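See below for the structure under consideration.
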Amino acid sequence: MTPGKLCVLPVAGEDRAAVAMDDREAVRAARAGDDEAFATLVRRYSGGLHRAIARILADDTEAWDVVQMAFVRAWQGLDRYDERWSFSTWLYRIGTNLAIDLLRSRTSREKAHRAGAEHRFRVVGSSPPASELADHREVDRLFDELVGCLTPQQRSAFVLRELQGLDTADVAQALGCSATTVRNHVFQARKLLREELARRFPEYLPPSRRA
Amino acid sequence: MRCTDIPDLLDAYLADSLDEPHRDAVRSHLRACERCREAAVHADPSLLFVAAPPGEPDPVRVEDTARAVIAQIRQQRMQRRLGHRRPWLAAAAAVVLSLIAVAGWRLMAPGGGSKSAAVTDARVAEAPSPPPRIEVDMAGEGVRVYQYADQQDADTAVTFIVNPQLEL
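Residue numbers (this note's numbering), protein chains in the order written: chain S, 1 to 211; chain R, 212 to 379.
What follows is the structure in C-alpha cells.
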C-alpha cells in the first residue's frame, strides 16, 4: 500500500486529497470520542464497501451485516490505525478478511441454497445481448452466479481490483499477499469467469464469441 | 477519453500494464459508452463485469448502517467503562452498593432498625434469611437501575439509579 495515497471510488468527483485529509480528521475526532465523526466515515464508505463485499459473498443482504461488523472492528482498532495509509484501504482490508472468513465457514446447506437460486435465475433470465447489459443489477446477479468457480482469494482480488478499482498494491495490502500474487489471482479469475460465462451463459456473449 | 483510444488501450488494460489514471479512465469510459462496452466484451468477456455501471448505494441502508454501527459503539464503550477499563472501580462500587443495600434492607425489614439489635440478631440466628437478590436492569441508554430486594419480602426493595456516564 502506498503511504498517503487514496484509491477508492466512492468519492469520485470530489477532491481525493481533501477527502483524505477529511478522513484523517474524522479518525482523530472519532478516537477522541466523537461518534458523529465516525458516522461520517460510515456514510462515506459503507456503499462502496457493501458493493465489494456483496460481490465477494454473492449475497447483498449478508453483505450489509459484514459491512456493519467491519466498521465496528475498525472503531475497535482505531488506536492501531496508521494515518500514513488511507482509511478506506484499511477498511477494505478488514471487510475483505471478514468476508473471506465467512466464505470459508459457509455450510453445505448454504451451497445447496445457492444452487437452487441458480436454477431460478436461469429459468427467468431474459438473455439480453451484452451490449444491453447496462443494468448493474442484472450484471451483479450474473456475477453472483459465476463467482462460485473462484477461490475466496481470487474473487476478492478480482472484485477489489477490477470492480472497485483499487490499485494492485492496495489489493495486496488488503489481502495480505504480494502484488505478483494479486496479478495471478486476477489473471486466473478473469480466465475462469470467461470460461464459465461461455459454458453456462453463452447468451450473454456477443454472437461472435459464442461457440 | 475518446472512443478511438479504447482499442489501443484495451490490450494494455488486460495485461495490467496501464498506469492507474489511464486504467480508471478506461473503466469509466466503458461504463458510460455502450459501443465501447460491447467491443470490450468481445475482446474479453470477463470485461462484462468491469464495464457494467455500478449502482448507487441505497441511502436508507447506508443511514441504517450508520445508526447501527454507532449504537454498537456506544454499547461497547459503556461496557468498557463498567468492566474492562477500571475493573477495580467497578468491583469497589459493587461492594459499596452491596453494603448500602444490606444496611437499607435491614433497616426497612419488619422489626429491623434501631429497636433492638439483639432481638434482630436472635431472629436472624433462628431463621437465617437468604442473601438479598440483586437485579441489574438497563433503563434506556444512559441509566442503569440496581435493585436489591429480600427474596421473601419484595416490599423491602432498595433501588439505585446510576448514570454510567458518571464513571460510578
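Glycine residues also receive a C-beta, built at the ideal position from the N, C-alpha and C atoms. Since this is a predicted model, take the numbers as computed values, not measurements.
- Put simply, the CB of R285/R is near chain S, with a gap under 9 Å to one of its CB atoms.
- Taking the Cα of D269/R as reference, the smallest distance to any Cα among V182/S, S46/S, Q164/S and T40/S is reached at S46/S.
- By the criterion of a C-beta distance shorter than 7 Å, A157/S is surrounded in its chain by V171, L175, V182, H185, V186 and A189, once the five residues flanking it on both sides are discounted.
- In this structure, the CA atom of F143/S is about 40 Å from the CA atom of G33/S.
- DSSP places W75/S inside the alpha helix (DSSP H), whose first and last residues are D60 to Q76.
- With 16 or more other Cβ atoms inside 10 Å of its own Cβ, C247/R counts as buried.
- Sequence-distant partners of A29/S (beyond 5 residues in either direction) whose C-beta falls short of 7 Å from its own C-beta, in its chain, are A37.
- In this chain, the alpha helix (DSSP H) harbouring E195/S covers A179 to R200.
- Along the region 220 to 245 of chain R, the positions whose C-beta sits under 7 Å from a C-beta of chain S are D227, E231, D235, R238 and E245, read in chain order.
- Nearest Cα to F87/S within the set D101/S, F71/S, L102/S and N97/S: F71/S.
- Between L49/S and V67/S a beta carbon distance of about 5 Å is seen, short of the 8 Å cut, so the two are scored as contacting.
- Of the residues A54/S, L146/S, C177/S and Q173/S, the one whose Cα lies closest to the Cα of K191/S is L146/S.
- Taking a Cβ-Cβ cut-off of 9 Å, the neighbours of L205/S in chain R comprise V252, H253, P256 and L259, given in sequence order.
- Here the region 276 to 287 of chain R does not lie against the region 250 to 260 of chain R, with fewer than 3 beta-carbon pairs under 8 Å apart.
- In the structure shown, R104/S falls within a helical segment according to DSSP collapsed to helix, strand and coil.
- Its chain contains A251 and V252 as the residues whose beta carbon lies nearer than 6 Å to that of L258/R, once the 5 sequence neighbours on both sides are disregarded; these appear in chain order.
- The alpha-carbon of L103/S is positioned some 32 Å away from that of P232/R.
- A residue is called buried when at least 16 other Cβ atoms come within 10 angstroms of its Cβ; T61/S does not meet this threshold and is exposed.
- T168/S: member of the alpha helix (DSSP H) spanning T168 to L175, first to last residue.
- The three-state secondary structure of A39/S, taken from DSSP, is helix.
- As the crow flies, the alpha-carbon of R80/S is around 23 Å from that of L293/R.
- Under the three-state reduction of DSSP output, Y45/S falls in the helix class.
- Within a 10 Å sphere around the beta-carbon of G148/S sit fewer than 16 other beta-carbons, which makes this residue exposed.
- DSSP places W85/S in the coil class of the three-state scheme, outside both helix and strand.
- At least one CB of chain R lies nearer than 9 Å to the CB of H50/S.
- Here the C-alpha atom of D167/S lies approximately 30 Å from the C-alpha atom of D35/S.
- DSSP places D230/R in the coil class of the three-state scheme, outside both helix and strand.
- Taking the C-beta atoms as reference points, I94/S is found no nearer than 9 Å to Q153/S.
- Around the Cβ of D23/S, a 10 Å sphere holds 16 or more other Cβ atoms; the residue is buried.
- Cβ neighbours of R73/S within its own chain (closer than 7 Å, five residues either side excluded): I94.
- For R137/S, the uninterrupted alpha helix (DSSP H) run begins and ends at H136 to L146, by DSSP.
- In the three-state reduction of the DSSP assignment, G95/S falls in the helix class.
- Listed along chain S, the residues sitting closer than 8 Å to V280/R by beta-carbon distance are F38, A39, V42, Q68, F71, V72 and W75.
- Here R51/S is not near P264/R, since their CB atoms are 9 Å or more apart.
- A residue is called buried once 16 or more other Cβ atoms fall within 10 Å of its Cβ, and G77/S, having fewer, is exposed.
- Taking a beta-carbon distance threshold of 9 Å, T215/R does not count as an interface residue toward chain S.
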